[in-house]
Structure formats: structure tokens, C-alpha cells
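Okay, so the sequence shown: first residue is 305 according to the working numbering, each after it adds one. All C-beta atoms in this analysis are idealised placements derived from N, C-alpha and C, irrespective of residue type, glycine included.
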Amino acid sequence: MGVRFAESQRPADGRPRRHVFLLLDSFSLVSFSIALDALRLANRHCIVPPYRWLLAGEDGQVATSSSGTQIRLDMGLSPVRHDDVVLVCGGIDVQRATTRPVLNWLRREARKGISVGGLCTGAYTVARAGLLAGRKCTIHWENRDSFQEEFPDVELSRSVFVVDHNRYSSAGGTASLDLMLKLIADDRGQDTADWIADQMVYSSIRTDRDEQRLSIPGRIGARHPKLSEVIRMMEANIEEPKSPRIMASDVGMSGRQLERLFRRYMDRSPKKYYMELRLQKARNLLMQTDMSIINVALACGFASPSHFSKCYRLFYGTTPYRARWAQTVVKQPSADVSSSTH
Numbered sequence: 305m306g307v308r309f310a311e312s313q314r315p316a317d318g319r320p321r322r323h324v325f326l327l328l329d330s331f332s333l334v335s336f337s338i339a340l341d342a343l344r345l346a347n348r349h350c351i352v353p354p355y356r357w358l359l360a361g362e363d364g365q366v367a368t369s370s371s372g373t374q375i376r377l378d379m380g381l382s383p384v385r386h387d388d389v390v391l392v393c394g395g396i397d398v399q400r401a402t403t404r405p406v407l408n409w410l411r412r413e414a415r416k417g418i419s420v421g422g423l424c425t426g427a428y429t430v431a432r433a434g435l436l437a438g439r440k441c442t443i444h445w446e447n448r449d450s451f452q453e454e455f456p457d458v459e460l461s462r463s464v465f466v467v468d469h470n471r472y473s474s475a476g477g478t479a480s481l482d483l484m485l486k487l488i489a490d491d492r493g494q495d496t497a498d499w500i501a502d503q504m505v506y507s508s509i510r511t512d513r514d515e516q517r518l519s520i521p522g523r524i525g526a527r528h529p530k531l532s533e534v535i536r537m538m539e540a541n542i543e544e545p546k547s548p549r550i551m552a553s554d555v556g557m558s559g560r561q562l563e564r565l566f567r568r569y570m571d572r573s574p575k576k577y578y579m580e581l582r583l584q585k586a587r588n589l590l591m592q593t594d595m596s597i598i599n600v601a602l603a604c605g606f607a608s609p610s611h612f613s614k615c616y617r618l619f620y621g622t623t624p625y626r627a628r629w630a631q632t633v634v635k636q637p638s639a640d641v642s643s644s645t646h
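In C-alpha cells:
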């Protein structure tokens with residue numbers, strides 16, 4: 305399904321268009337604040353301010369970001385107007401923050417036909433509410449594996465942001481600004497979006513065709529095309545690993561040549577690098593899903609839980625069982641880093 309671009313839904317009575325930021329527990333402060341500031345600057349640029357915003361949260365009092373910073377809220381899970389935009393601001397441990405009251409609120413408000421978006425990991429919450437079925441979206445790259453396992457009916461993109469009709473998503477960090485600049489450009493014109501970018505000293509506005517991660521050569525610091533192609537093959541074949549010798553043959557080199565390339569550029573063997581990729585995916589699934597240990601093992605190409613546990617312990621210094629148990633311990637934010645902002 306192709307991407308459908310945003311429709312302007314300016315209130316018929318000429319009121320400013322209102323954005324409701326739903327701040328989940330441990331939300332990403334940068335993703336939220338950079339999106340909000342884009343609206344503030346749009347108001348500064350226009351003769352008649354076109355936007356308003358409200359900050360919402362489950363308890364209606366205070367929301368705490370992943371850094372421990374506390375934000376005073378304007379409202380709880382109260383009804384919104386049919387022409388509002390709801391932006392769900394996620395962060396770390398979004399599964400725990402996606403509570404039943406939040407899901408019920410999103411489903412109820414979505415029946416009004418409102419626009420709904422997810423910033424950073426907020427797309428997970430929107431998907432859990434059933435609002436992305438058959439749609440296209442994006443999410444922070446660290447959450448891709450668990451998202452794909454849980455929501456196979458959602459078309460997941462690697463882009464920095466996605467606009468699919470009245471569903472929006474951004475991958476986190478500065479990608480929230482790219483999304484907001486796109487929506488503001490659609491609504492107020494490209495000149496307004498460019499002015500905002502200049503004010504924020506943001507010299508390279510990205511589009512929905514830009515990917516959220518560096519290219520493989522950029523990430524690994526090596527520009528050997530055959531090495532990059534083999535790493536792409538490894539990343540695409542986690543559940544059913546391929547032999548490094550077969551991948552070497554696929555790109556027109558010998559297994560010994562591939563071994564030398566990995567030793568030179570990656571300081572490890574192809575086999576070890578491949579194992580690390582599989583274990584990193586396994587850790588994401590353990591931390592972000594309720595999949596059983598055996599299903600995590602199978603999803604990452606391990607034939608048995610015992611082999612998976614042995615490899616995981618050698619790499620991370622603990623077993624998959626202990627890693628998951630440790631994840632259930634609730635960490636309280638330190639009081640000395642908290643501040644109240646409105």
C-alpha cells in the first residue's frame with residue numbers, strides 16, 4: 305500500500321488547530337519537546353497563531369520522562385474534539401506504559417475520526433489500540449524486531465517518519481521535528497516550515513524517503529561494497545542464518561577473503577559478528593515482548609533453548625531468564641534530577 309499524505313483538517317470555525325500530546329510514562333523528552341517547539345515557532349511566524357496544544361497523561365497531573373524530568377499536565381484522559389490531533393509520546397519500556405485506560409481512551413477518541421500519531425515508540429501504543437492495522441508506520445529502530453513480531457498486519461517502514469492519511473509516526477529523536485515540519489508545510493506552506501527549520505538551526509530537513517539509521521558503510525566505518533552486502537544479508541537472515549561461506553560466494557568472493565575483510569574492518573570473524581547480530585535481536589525481543597524464551601531462540605536462529613542460553617550468557621554475562629527477570633524490576637526516577645515544567 306502506498307503512502308497517503310496528510311489532509312488539512314483546520315477547524316471550520318477558524319479556531320487554531322489543537323494538538324493533544326499524550327505523555328506516556330518514561331516518554332522521550334527530546335521527541336516531545338522538539339515537536340512542541342515546532343508548533344510554538346509556527347505561531348510566532350504567523351500573524352494569527354494557527355496552533356494550540358494540551359499536555360495529557362493517564363493521571364492528569366504529572367508525567368515523568370525517561371530522564372526523570374517531570375512535566376505538569378493540562379488534562380487526564382478526557383474527551384477531545386473531533387478536529388484535534390493526538391500525538392502519543394513514547395519512550396523506554398513502552399509496553400508497560402501502554403495501559404488499558406490509555407488504550408481504551410485512544411480507541412474511543414479515534415472513533416471520532418481524529419488524527420492520531422506516535423512519536424518515538426508511541427507507534428507501539430497506537431498499534432496496540434488497533435489503529436494501525438493495514439496502515440504504514442515507523443518506530444525507533446531499536447523496537448523494530450519486537451514490533452514486527454507483535455503486529456504483522458502493520459506495514460513497518462525504516463523511514464524517519466511516515467504519514468498515512470490521518471495516522472502519523474516518527475522514529476524518535478529529531479525525527480519528530482521532520483514529521484512536524486512536513487505537517488506544518490502541508491498546512492501552512494513550505495516557507496513556514498523552512499523558517500522554523502532555520503530558527504532551530506536545522507539545516508537538513510529529511511523526508512519520508514530518508515531512513516532513520518546510517519547506511520551500513522557509515523555505521524561500520526568501512527566502504528567495501530562486498531562487505532556491506534554480506535552484512536545486509538546477515539541482517540536480513542536472522543531467523544534462518546546462512547553460512548558465511550555461502551554469503552561470500554553470493555557476492556563473488558571466497559570464504560577466506562570474507563574472513564580477511566571482517567578481520568580487517570570489524571576486528572572479528574564473520575561468524576562472531578553474525579552471532580552478535582542474532583544475540584542483539586534476541587535481547588530486544590526479551591526486553592520488549594512477552595515471547596517465550598524458546599520462541600525468542602527460534603526467532604533468532606537458535607535450534608534449542610540450551611544453545612541459545614549458552615551463547616547469550618557468553619556474550620551478555622547472564623542468562624536470558626535472568627535478563628528478563630531483571631527487566632521486571634521497576635526503577636524509580638531519582639528525585640534530584642526531576643524538575644517541573646509547564
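Inset, instruction - Determine the extent of the beta strand (DSSP E) in which alanine 475 is found, giving its start and end residues. - result: Indexing the sequence shown from 1 puts residue 475 at position 171. Element bounds for alanine 475: n/a, residue is neither H nor E.
Inset, instruction - Pair every Cβ in the segment 369 to 381 with every Cβ in the segment 339 to 354, then say whether three or more of these pairs are closer than 8 angstroms. - result: Under the Cβ criterion (8 angstroms, minimum of three pairs), the segment 369 to 381 does not count as touching the segment 339 to 354.
Legend entry - Delimiting residues of the beta strand (DSSP E) encompassing glycine 422: Within the sequence shown, residue 422 is the residue found at index 118, counting from 1. Residues 419 to 423.
Inset, instruction - Measure the CB-CB distance between glycine 395 and leucine 377 and report whether it falls below 8 angstroms. - result: Taking the sequence shown and counting its residues from 1, the one referred to as residue 395 is at position 91. Taking the sequence shown and counting its residues from 1, the one referred to as residue 377 is at position 73. No, they are not a contact pair.
Legend entry - phenylalanine 619 versus Leu583, Leu589, Arg568 and Ala601, residue with shortest Cα-Cα distance: By one-based count along the sequence shown, residue 619 stands at place 315. When only C-alpha atoms are compared, the closest one is Leu583.
Inset, instruction - Leaving out five residues on either side along the sequence, give the residues of the same chain with a beta carbon under 6 angstroms from the beta carbon of aspartate 388. - result: The residue you call residue 388 lines up with position 84 of the sequence shown. Same-chain partners within the cutoff: Arg322, Val324 and Ile418.
Legend entry - When Gly318, Gln399, Trp357 and Ala339 are compared against leucine 328, the one with the closest alpha-carbon: As a working note, residue 328 is residue 24 in the sequence shown. Residue Gln399 is the option with its Cα nearest to leucine 328.
Inset, instruction - Please go through the same chain and pick out, in chain order, the residues whose beta-carbon is closer than 7 angstroms to the beta-carbon of aspartate 397, but skip the five residues on each side of it. - result: Mapped onto the sequence shown, residue 397 falls at position 93. Close CB contacts of aspartate 397 within its chain, under the 7 angstroms cut and outside five residues either way in sequence, are with Ser330 (chain order).
Inset, instruction - Specify the secondary structure class of alanine 639 as computed by DSSP and reduced to three states. - result: In the sequence shown, counting from the first residue as 1, residue 639 sits at position 335. Any answer about alanine 639 is weak, because its pLDDT of 33 lies below 50 and its placement is not dependable; what the coordinates show is given next. Helix.
Legend entry - proline 545: CB within 7 angstroms of a non-hydrogen atom of the ligand GTP: Although the ligand GTP was asked about, the structure shown includes no ligands whatsoever.
Inset, instruction - Tell me lysine 440's beta-bridge partners as DSSP assigns them. - result: Counted from its first residue, the sequence shown places residue 440 at position 136. Beta-bridge pairing by DSSP links lysine 440 to Glu459.
Inset, instruction - Counting only the same chain and skipping the five closest in sequence on each side, list residues whose C-beta sits under 7 angstroms from that of leucine 590. - result: What you label residue 590 is simply residue 286 of the sequence shown in a count that begins at 1. Answer for leucine 590: Val600, Pro624, Ala627 and Arg628, listed in chain order.
Legend entry - Alpha-carbon to alpha-carbon, serine 450 and leucine 407: Translated into the one-based positions of the sequence shown, residue 407 becomes position 103. Translated into the one-based positions of the sequence shown, residue 450 becomes position 146. Between leucine 407 and serine 450, the C-alpha separation is close to 19 angstroms.
Inset, instruction - Assign valine 352 to one of two classes, buried (16 or more other C-beta atoms within 10 Å of its C-beta) or exposed (fewer than that). - result: Along the sequence shown, read from residue 1 onward, the residue named residue 352 stands at position 48. Looking at its Cβ environment, which holds fewer than 16 other Cβ atoms inside 10 Å, valine 352 is exposed.
Legend entry - For tyrosine 355, three-class secondary structure by DSSP: Sequence index remark: in the sequence shown, residue 355 carries index 51 (1-based). If DSSP states are grouped into helix, strand and coil, tyrosine 355 belongs with the strands.
Inset, instruction - Just the C-alpha distance for glutamine 592 and valine 334, rounded to the nearest angstrom, thanks. - result: Residue mapping note: residue 592 aligns to position 288 of the sequence shown, counting from 1. Residue mapping note: residue 334 aligns to position 30 of the sequence shown, counting from 1. Distance between the alpha carbons of glutamine 592 and valine 334 is about 21 angstroms.
Inset, instruction - Kindly give me the distance between the Cβ atoms of threonine 442 and serine 474, rounded to whole angstroms, as I take these residues to be in contact under 8 angstroms. - result: Mapped onto the sequence shown, residue 442 falls at position 138. Mapped onto the sequence shown, residue 474 falls at position 170. Between threonine 442 and serine 474, the beta carbon gap of about 7 angstroms places them in contact (Cβ cut-off 8 angstroms).
Inset, instruction - Identify, in the order they occur along the chain, each residue of the same chain with its Cβ nearer than 7 angstroms to the Cβ of alanine 501, setting aside the five sequence neighbours on each side. - result: In the sequence shown, counting from the first residue as 1, residue 501 sits at position 197. A distance below 7 angstroms between beta-carbons, with the five flanking residues on each side excluded, links alanine 501 to the following residues of its chain, in chain order: Leu485 and Ile509.
Legend entry - Within the segment 556 to 607, ranges of the alpha helix (DSSP H) (whole runs, at least 4 residues): Within the segment 556 to 607, complete alpha helix (DSSP H) segments of at least 4 residues are found at 559 to 569, 574 to 592 and 597 to 603, given in chain order.
Legend entry - Own chain, CB closer than 7 angstroms to threonine 403, minus 5 neighbours either side, in chain order: Within the sequence shown, residue 403 is the residue found at index 99, counting from 1. So the qualifying residues of the chain are Glu362.
Inset, instruction - Determine the DSSP secondary structure at valine 430, reduced to helix, strand or coil. - result: Walking along the sequence shown from the start, residue 430 turns up at place 126. Valine 430 falls in the helix class under three-state DSSP.
Inset, instruction - Compare the Cα-Cα distances from aspartate 512 to each of Ser337, Leu483, Gly477 and Arg411 and report the closest residue. - result: For this step, residue 512 is matched to residue 208 along the sequence shown. Taking aspartate 512 as reference, the option from Ser337, Leu483, Gly477 and Arg411 with the minimal CA-CA separation is Leu483.
Legend entry - alanine 540 versus Lys585, Pro405 and Lys576, residue with shortest Cα-Cα distance: For the purposes of this step, residue 540 is identified with residue 236 of the sequence shown, where counting begins at 1. Among Lys585, Pro405 and Lys576, the Cα nearest to that of alanine 540 belongs to Lys585.
Inset, instruction - List the residues that DSSP assigns as beta-bridge partners of histidine 323. - result: Indexing the sequence shown from 1 puts residue 323 at position 19. Paired residues: Trp357 and Val389.
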